[in-house]
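End of the first sequence = 971 in this note's numbering, gap-free, step of one. Think of the CB as a built atom: it goes at the ideal place given N, C-alpha and C, for glycine as much as any other residue. Owing to the predicted nature of the structure, the values given are computational and were not obtained by experimental measurement. To keep things clear, I will list the structure first and then write my remarks on it.
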Amino acid sequence: MLVTPAQLSAQLLVIVIDALERRGAVDAEVTIDDVKLDRPRNRDHGDWASNIAMKLARSVATNPRELALELAESIQAIDGIASVDVAGPGFINITLDAAAAGAVAKTIVEQGPAFGNGTLYDGVKINLEFVSANPTGPIHLGGVRWAAVGDSLARIFTAEGGLVTREYYFNDHGGQIDRFARSLLASYLGEPTPEDGYGGQYIADIADRVVTAYDAGELTRLDRADQQEVFRSIGVDLMFGDIKKSLHDFGVDFDVYFHENSLHEQGAVEAAIARLRELGHIFEADGATWLRTTEFGDDKDRVVIKSDGEASYISGDLAYYLNKRERGFERNIIMLGADHHGYVQRLMAMTAAFHDVPYVNLEVLIGQMVNLVKDGTPQRMSKRAGTVVVLEDLVDAVGRDAARYALVRSSSDSQLDIDLDLFTKRTNDNPVFYVQYAHARTHSVARNAADSGVDRSVFDASLLTHETESVLLGVLAEFPRVVRQAAELREPHRVARYAEELAGAYHRWYDNCRVTPLGDEPVSDVHRTRLWLNDATGTVLRNALGLLGVSAPERM
RNA sequence: GCGCCCGUAGCUCAGCGGAUAGAGCAAUUGACUACGGAUCAAUAGGCCGGGGGUUCAAAUCCCUCCGGGCGCACCA
416 MLVTPAQLSA
426 QLLVIVIDAL
436 ERRGAVDAEV
446 TIDDVKLDRP
456 RNRDHGDWAS
466 NIAMKLARSV
476 ATNPRELALE
486 LAESIQAIDG
496 IASVDVAGPG
506 FINITLDAAA
516 AGAVAKTIVE
526 QGPAFGNGTL
536 YDGVKINLEF
546 VSANPTGPIH
556 LGGVRWAAVG
566 DSLARIFTAE
576 GGLVTREYYF
586 NDHGGQIDRF
596 ARSLLASYLG
606 EPTPEDGYGG
616 QYIADIADRV
626 VTAYDAGELT
636 RLDRADQQEV
646 FRSIGVDLMF
656 GDIKKSLHDF
666 GVDFDVYFHE
676 NSLHEQGAVE
686 AAIARLRELG
696 HIFEADGATW
706 LRTTEFGDDK
716 DRVVIKSDGE
726 ASYISGDLAY
736 YLNKRERGFE
746 RNIIMLGADH
756 HGYVQRLMAM
766 TAAFHDVPYV
776 NLEVLIGQMV
786 NLVKDGTPQR
796 MSKRAGTVVV
806 LEDLVDAVGR
816 DAARYALVRS
826 SSDSQLDIDL
836 DLFTKRTNDN
846 PVFYVQYAHA
856 RTHSVARNAA
866 DSGVDRSVFD
876 ASLLTHETES
886 VLLGVLAEFP
896 RVVRQAAELR
906 EPHRVARYAE
916 ELAGAYHRWY
926 DNCRVTPLGD
936 EPVSDVHRTR
946 LWLNDATGTV
956 LRNALGLLGV
966 SAPERM
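Quick look at the structure:
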């Protein structure tokens with residue numbers, strides 16, 4: 416028999432509703448969220464705790480402790496509950512009996528990779544657009560953060576049943592590409608970097624590769640404009656290939672690489688504007704064509720066709736959004752850097768203009784900047800100056816797992832300072848190794864167990880009575896909820912922090928409870944049952960690391 | 001001026017309105033003739049930026065001020 420926090424909550428809900436009805440408080444509404452159980456920090460407060468009595472006391476005109484005592488009596492009757500206490504101002508503290516608490520270990524081993532999965536987004540088509548760095552240079556640290564976070568989020572949504580498409584929007588249209596092409600051409604001709612162009616060694620490298628790929632002799636016979644076109648088309652392709660490769664090496668692969676240019680070429684931009692015109696949100700002024708975004712809360716209206724007849728940047732996004740909707744995505748999530756947060760409002764206005772629901776059909780996640788710090792002072796990162804710390808540098812310095820983990824273990828709402836020296840020097844201090852080591856240890860223990868003749872032929876959860884065992888079991892049981900919360904809040908860092916907590920609980924258990932017998936001690940059911948617990952921990956650590964895109968080595 | 005994010009231990013950061021605010025690193029001290037010491041145990045370190053408010057309960061929600069970052073284009 417297994418008692419999960421979710422089951423317990425469901426039963427508690429029935430008890431609470433029953434109690435309210437008995438008191439005649441029919442108008443008090445209680446949902447499953449209200450009876451969510453907490454895992455108390457202090458073990459003296461039981462395995463699970465509820466604050467429901469304090470929340471409801473007012474609505475039934477009683478004091479919290481009295482209500483808590485009444486509820487506690489009913490809770491006591493639930494199968495698998497060892498004891499129920501009312502403490503403090505009205506907390507209900509629930510302690511499971513060892514068998515009920517321990518059963519989760521067996522469940523985890525049996526479910527394997529599926530343990531932790533949920534149904535939050537069952538069958539929902541989700542489009543996750545991230546990185547989308549311009550093909551004018553390598554991916555810098557800010558983009559790397561989104562690569563790590565976005566890919567992890569995709570994994571988490573998938574675990575919750577979502578049908579996720581990872582998408583990269585490739586801005587291969589507009590003035591920046593011209594600047595890129597002119598920069599390549601200047602490098603080729605030995606001219607200084609154009610005023611508004613891109614500098615750095617990579618420009619020279621790409622220019623050389625373009626020359627190789629095209630035909631050096633042929634190139635000299637072209638006029639300047641044609642030469643620039645050669646550098647544009649081949650240069651962008653090469654740059655884009657490099658970006659794809661470095662992302663792939665980082666463990667991030669996209670399902671769709673969407674070219675902005677294709678929208679312009681296929682008339683999708685005109686179609687999107689025509690659609691908005693039908694809906695009555697387009698007007699002409701000052702020789703330009705505008706979208707009346709102020710109607711939907713934007714600060715000012717936005718130009719979609721400039722007075723020179725060119726489409727503005729946002730018009731590409733109009734067409735792109737419509738395209739995503741036509742491909743059937745109910746939820747479209749775009750991840751942007753903090754330097755683009757001013758763009759959010761007009762995207763939401765656009766969503767509303769299409770008669771869609773802002774923040775539901777379209778959602779924009781803003782990630783704060785990543786700063787590179789050296790000797791305590793922030794280093795300027797600039798693609799144009801060529802002083803970029805790029806994805807490859809980071810991976811070369813600390814390795815893929817450590818890099819991904821470091822970028823994903825903090826909230827995206829916080830700015831991240833990365834001291835590369837520190838980061839490089841203290842590789843072993845990265846908590847990822849603490850977690851990976853715990854995972855490797857579970858396998859080491861399992862190997863030793865096999866050698867000692869300990870197998871999983873018996874599982875008796877009532878034998879898991881050590882304090883470190885009940886703590887470990889509690890942490891294990893919480894994993895599905897952590898995954899769900901990470902999905903709801905779009906916060907993969909919660910999974911990372913959870914993994915650290917689990918690793919800690921495991922190490923402490925390891926220190927106190929042996930799986931293999933010592934010396935001549937015979938193999939007993941305690942050893943066999945502990946092997947289940949050991950293997951369950953390994954499974955959850957692997958699953959958690961998997962959601963972060965970090966490997967779970969069996970040996971280190 | 002307006003908007004978004006942040007301010008928690010010496011440092012880097014967690015903390016879903018709950019009980020004595022946590023982890024890692026750094027500091028000090030211990031633990032292998034016991035499944036891997038990339039570990040564990042312990043000590044020390046905090047007016048959770050300041051001030052109001054809401055609440056039985058605030059690091060968490062609201063207001064305000066201070067500090068830091070980033071934005072406010074017919075650029076992309």
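Counting along the chain, T857 sits inside the alpha helix (DSSP H) bounded by residues P846 to D866.
Counting only the Cα atoms, F655 lies some 16 Å from A619. Counting other Cβ atoms within 10 Å of its Cβ, A425 stays below 16 and is therefore classed as exposed. For D623, the enclosing alpha helix (DSSP H) begins and ends at Q616 to A628. Runs of the alpha helix (DSSP H) lying entirely within the region 641-717, each at least 4 residues long, are 675-680 and 683-693 in chain order. For S598, the closest of G576, Q642 and G632 by C-alpha to C-alpha distance is Q642. Taking one beta carbon from each stretch, the region 859-868 and the region 882-899 have fewer than 3 pairs nearer than 8 Å; the two do not touch.
Contact check for I748 against N542 passes: the beta carbons are separated by less than 8 Å. For M784, no alpha helix (DSSP H) run applies, since DSSP gives it neither H nor E.
Taking all protein chains shown into account, L653 has 16 or more neighbouring C-beta atoms within 10 Å of its C-beta and is therefore buried.
Counting other Cβ atoms within 10 Å of its Cβ, S730 reaches 16 or more and is therefore classed as buried. Cα atoms of L678 and A920: separation of roughly 52 Å, rounded to the nearest angstrom. Taking I649 as the centre and dropping the five residues before and after it, the same chain places the C-beta of V625, A628 and Y629 closer than 7 Å to its C-beta, in chain order. Residue burial is scored here from C-beta neighbours: Q851 has at least 16 other C-beta atoms within 10 angstroms and is therefore classed as buried. Distance from the CA atom of V804 to the CA atom of Y584, rounded to whole angstroms, is 22 Å. Secondary structure in the region 511-586: the alpha helix (DSSP H) runs of 4 residues or longer, each lying completely within the stretch, are 513-526 and 556-574 in chain order. Per DSSP, N747 lies in no alpha helix (DSSP H); the unbroken beta strand (DSSP E) holding it starts and ends at R746 to G752. Judged by DSSP secondary structure, V499 falls within the beta strand (DSSP E) whose first and last residues are I496 to A502.
For A421, the three-state secondary structure derived from DSSP is helix. For the pair D940 and L878, the CB atoms are nearer than the 8 Å cut-off. DSSP places S465 outside any alpha helix (DSSP H); the residue lies instead in the beta strand (DSSP E), whose first and last residues are W463 to S465.
Contact check for L777 against L787 fails: the beta carbons are separated by 8 Å or more. With a cutoff of 8 Å on beta-carbon distance, R824 and P846 are scored as near each other. Your pair M469 and P504 checks out as a contact, with CB atoms roughly 6 Å apart and the cut at 8 Å. If you look at D950, you'll find it in the alpha helix (DSSP H) that goes D940 to L963. For I729, the enclosing alpha helix (DSSP H) begins and ends at Y728 to E741.
In this structure, F595 keeps its C-beta atom at 8 Å or more from the C-beta atom of A622. Rounded to whole angstroms, Y849 and A855 show a C-alpha spacing of 10 Å. Contact between I509 and I490 holds: their C-beta atoms lie close to 6 Å from each other, under 8 Å. A residue is called buried when at least 16 other Cβ atoms come within 10 angstroms of its Cβ; V429 does not meet this threshold and is exposed. Shown here, F874 sits in coil according to DSSP, grouped into three states, outside any helix or strand.
Within the same chain, L578, G743, F744 and E745 come within 6 Å of K540 by CB-CB distance, once the 5 residues on both sides are set aside. By the neighbour-count criterion, in which a residue is buried when 16 or more other Cβ atoms sit within 10 angstroms of its Cβ, D811 is exposed. V804 sits in coil when the DSSP states are folded into three classes, being neither helix nor strand. Note that the C-beta distance between F874 and W947 is below 8 Å. The alpha-carbon of Y774 is positioned some 52 Å away from that of H942.
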